[in-house]
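**Q** Have a look at this one.
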Amino acid sequence: MNDRPAEARIVADCYGHDLDGDAHGGNLAAARRAFPQAPEPWLDLSTGVNPHPYPVADLPLEAFARLPDGADLARLERAAALAYGARSPVMATAAPGTQAIINWLPFLFPARRVGILDFTYGEHARRWRASGAEVMITGKIEQLAEFDAAVVVNPNNPDGRLIPAGELLRLAAALRARGGVLIVDEAFIDFLPPAASLVPVLPEGAIVLRSFGKTFGLAGLRLGFAIAPEPMAERLRAALGPWPVSGAAIETGGKALADAGWIARAGARLAADGTALDALLSDAGFQAIGDTLLFRLVRHENAQRLFGALGQAGILARRFAARPDWLRFGIPADDAQRERLRSALAQAVVPPRGEALQV
Numbered sequence: 011m012n013d014r015p016a017e018a019r020i021v022a023d024c025y026g027h028d029l030d031g032d033a034h035g036g037n038l039a040a041a042r043r044a045f046p047q048a049p050e051p052w053l054d055l056s057t058g059v060n061p062h063p064y065p066v067a068d069l070p071l072e073a074f075a076r077l078p079d080g081a082d083l084a085r086l087e088r089a090a091a092l093a094y095g096a097r098s099p100v101m102a103t104a105a106p107g108t109q110a111i112i113n114w115l116p117f118l119f120p121a122r123r124v125g126i127l128d129f130t131y132g133e134h135a136r137r138w139r140a141s142g143a144e145v146m147i148t149g150k151i152e153q154l155a156e157f158d159a160a161v162v163v164n165p166n167n168p169d170g171r172l173i174p175a176g177e178l179l180r181l182a183a184a185l186r187a188r189g190g191v192l193i194v195d196e197a198f199i200d201f202l203p204p205a206a207s208l209v210p211v212l213p214e215g216a217i218v219l220r221s222f223g224k225t226f227g228l229a230g231l232r233l234g235f236a237i238a239p240e241p242m243a244e245r246l247r248a249a250l251g252p253w254p255v256s257g258a259a260i261e262t263g264g265k266a267l268a269d270a271g272w273i274a275r276a277g278a279r280l281a282a283d284g285t286a287l288d289a290l291l292s293d294a295g296f297q298a299i300g301d302t303l304l305f306r307l308v309r310h311e312n313a314q315r316l317f318g319a320l321g322q323a324g325i326l327a328r329r330f331a332a333r334p335d336w337l338r339f340g341i342p343a344d345d346a347q348r349e350r351l352r353s354a355l356a357q358a359v360v361p362p363r364g365e366a367l368q369v
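Plus 10 on top of the position in the sequence shown (first one is 1) and you've got my numbering.
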């Protein structure tokens with residue numbers, strides 16, 4: 011019989027993890043079930059999405075009323091190729107979010123043994139294991155050359171670790187010599203210098219994933235891209251089929267990707283917001299572990315209890331079963347959100363050192 015409190019069981023079920031990474035953030039329905047007395051509206055800091063969304067202008071009715079044609083999609087993919095530094099427009103393939111691409115990769119590029127670098131976004135391991143592949147997590151990038159497929163999340167989620175493009179080029183060459191494929195998930199790279207990305211020097215046998223929704227704060231639009239050599243891009247494009255993304259995504263994505271000024275301003279604003287969050291978390295006794303402009307990863311000996319206290323206050327952070335002293339926070343949007351987080355942490359009852367954690 012499970013003798014845990016009902017609330018603890020709900021939280022574990024809704025936010026359960028495996029050793030490959032963490033469950034998805036943003037599950038407010040589960041948070042409301044776990045913390046039914048929490049005040050509304052919830053402050054969701056469990057995702058790494060820009061809290062300052064790109065302004066969505068009034069879209070023409072045509073964007074919703076008719077199916078996008080090939081020219082519309084090609085226009086969006088050209089914008090993505092240019093924004094990400096790809097050598098050719100045909101290298102960019104649009105999809106309804108990068109998760110859709112992650113789901114397809116094991117079927118388009120089958121592999122018997124898959125190596126994944128570090129504790130990272132868990133969907134990569136889950137999708138490959140679901141296809142029947144043997145998956146190993148390793149902290150040594152050189153070991154990835156021994157597999158049929160290798161996955162590197164860069165910058166890493168959740169700690170922000172960054173592998174230089176030169177190291178990835180060497181890994182791609184070693185894999186290609188054995189007929190293998192390199193997959194680089196660059197979901198959090200947009201605010202770094204272009205040289206941090208593998209896209210401008212993309213070698214044969216490598217695929218790069220780029221997220222649109224995180225950078226532009228429009229996760230609900232469901233738009234993402236794969237950048238790959240033309241034969242690999244065409245295989246993915248054929249798998250996704252006609253009309254892979256909506257007319258609204260095409261109109262909004264094409265405009266946003268071309269707006270370099272907005273991206274620069276967003277980066278500066280996020281840097282300031284992140285500095286303010288750093289000070290807040292430090293004052294609350296957290297130790298910094300890693301970061302990107304879109305999240306902060308911190309350590310606290312009572313992280314699990316603090317997660318529960320925040321939940322009771324209607325604030326959702328990201329926790330990790332495999333790393334029980336870690337929490338990850340998205341970036342609060344303004345002073346009001348930061349003050350709400352500060353107040354909840356200040357009011358949290360932290361037990362003495364060594365007391366068992368219950369949440």
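Backbone N, C-alpha and C fix where the C-beta goes; we use that ideal spot for every residue, glycine too. Treat the numbers as computed from the prediction; the structure is a model and nothing was measured.
(1) Report the three-state DSSP secondary structure of Ala93 (helix, strand or coil).
(2) Using CA coordinates, which residue listed in Glu177, Asp158 and Ser353 is at the minimum distance from Asn164?
(3) Out of Phe330, Gln297, Phe235 and Leu71, which has the shortest C-alpha to C-alpha gap to Gly263?
(4) Kindly indicate which three-state DSSP category Ser353 falls into: helix, strand or coil?
(5) Should Arg328 be labelled buried (16 or more other beta-carbon atoms within 10 Å of its own) or exposed?
(6) Quick one: Cα of Pro70 to Cα of Leu287, how far?
(7) DSSP state of Phe2, grouped into three classes?
(8) I'd like to confirm the pairing. Which residues does DSSP put opposite Trp336 in its beta bridges?
(9) Note the first and the last residue of the continuous beta strand (DSSP E) segment covering Ala236.
(10) Give the DSSP-derived three-state secondary structure of Ala102 in the structure shown.
(11) Alpha helix (DSSP H) containing Leu118: first to last residue?
(12) State buried or exposed for Thr108, treating a residue as buried only when at least 16 other CB atoms are found within 10 Å of its CB.
(13) In angstroms, rounded to a whole number, what distance separates the CA positions of Leu307 and Leu326?
(14) With DSSP collapsed to three states, give me the class of Arg43.
(15) Does Thr302 come out as helix, strand or coil in the three-state DSSP assignment?
(16) How long is the line joining the alpha carbons of Ala356 and Ala294, rounded to whole angstroms?
(17) List the endpoints of the continuous beta strand (DSSP E) containing Ala9.
(18) How many Å lie between Pro120 and Leu320 at the Cα?
(19) Figure out for me which residue from Leu172, Ala184, Ala73 and Arg43 has the closest Cα to the Cα of Asp195.
(20) Just the C-alpha distance for Lys150 and Ala298, rounded to the nearest angstrom, thanks.
(21) Have a look at Phe125 and Leu185 and give me their C-alpha separation to the nearest angstrom.
(22) Below 8 Å, how does it come out for the stretch 310–320 and the stretch 328–340: are there three or more Cβ pairs, yes or no?
(23) Below 8 Å on the Cβ atoms is my guess for Ile341 versus Gly284; work out the distance and round it to an integer in Å.
(24) Let me check understanding here. Comparing Cα to Cα, which of Ala216, Phe201, Asn167 and Asp200 lies closest to Gly189?
(25) Which value, in whole angstroms, describes the spacing of the CA atoms of Phe117 and Leu231?
(26) If we call anything under 8 Å between Cβ atoms a contact, is Lys224 one with Asn60?
(27) Roughly how many angstroms separate the alpha carbons of Arg180 and Leu192, rounded to a whole number?
(28) How about Met101 and Ile237: are their beta carbons less than 8 Å apart?
(29) Count the other CB atoms within 10 Å of the CB of Leu83; is the residue buried (16 or more) or exposed (fewer)?
(30) Taking the Cβ atom as the reference point for each residue, do Asn166 and Ala197 lie within a distance shorter than 8 Å?
(31) Within 10 Å of its beta-carbon, does Ala160 have 16 or more other beta-carbons around it, so buried, or fewer, so exposed?
(32) Since Leu267 contacts Ala89 with CB under 8 Å, what's their CB separation in whole angstroms?
(33) Within 10 Å of its beta-carbon, does Gly324 have 16 or more other beta-carbons around it, so buried, or fewer, so exposed?
(34) What span of residues does the alpha helix (DSSP H) with Arg76 cover, start to end?
**A** Let me lay it out:
(1) helix
(2) Glu177
(3) Phe235
(4) It is helical.
(5) buried
(6) If I take the Cα positions, the gap works out to 38 Å.
(7) Residue 2 lies beyond the residue range present for the chain, which begins at 11 and ends at 369; the question has no answer from this structure.
(8) Arg309
(9) Gly234 to Ile237
(10) Looking at Ala102 - three-state DSSP - the assignment turns out to be strand.
(11) Thr108 to Leu118
(12) buried
(13) 14 Å
(14) Here Arg43 sits in helix by DSSP.
(15) Residue state, collapsed to three classes: strand.
(16) 7 Å
(17) Since the displayed the chain opens at 11 and closes at 369, residue 9 lies outside it and no answer follows.
(18) Near 42 Å, if we compare the C-alpha coordinates of Leu320 and Pro120.
(19) Comparing alpha-carbon positions, the option among Leu172, Ala184, Ala73 and Arg43 lying closest to Asp195 turns out to be Leu172.
(20) 23 Å
(21) As written in the sequence, residue 125 is Gly, which differs from the Phe given in the question. Here the alpha carbon of Gly125 sits roughly 11 Å from the alpha carbon of Leu185.
(22) yes
(23) 6 Å
(24) Ala216
(25) 25 Å
(26) yes
(27) 11 Å
(28) Cβ distance < 8 Å, so Met101 and Ile237 count as in contact.
(29) buried
(30) Cβ distance not < 8 Å, so Asn166 and Ala197 don't count as in contact.
(31) buried
(32) About 4 Å separates the CB atoms of Leu267 and Ala89; that is less than 8 Å, so the two are in contact.
(33) Buried is the call here.
(34) Per DSSP, Arg76 belongs to no alpha helix (DSSP H) and is neither H nor E.
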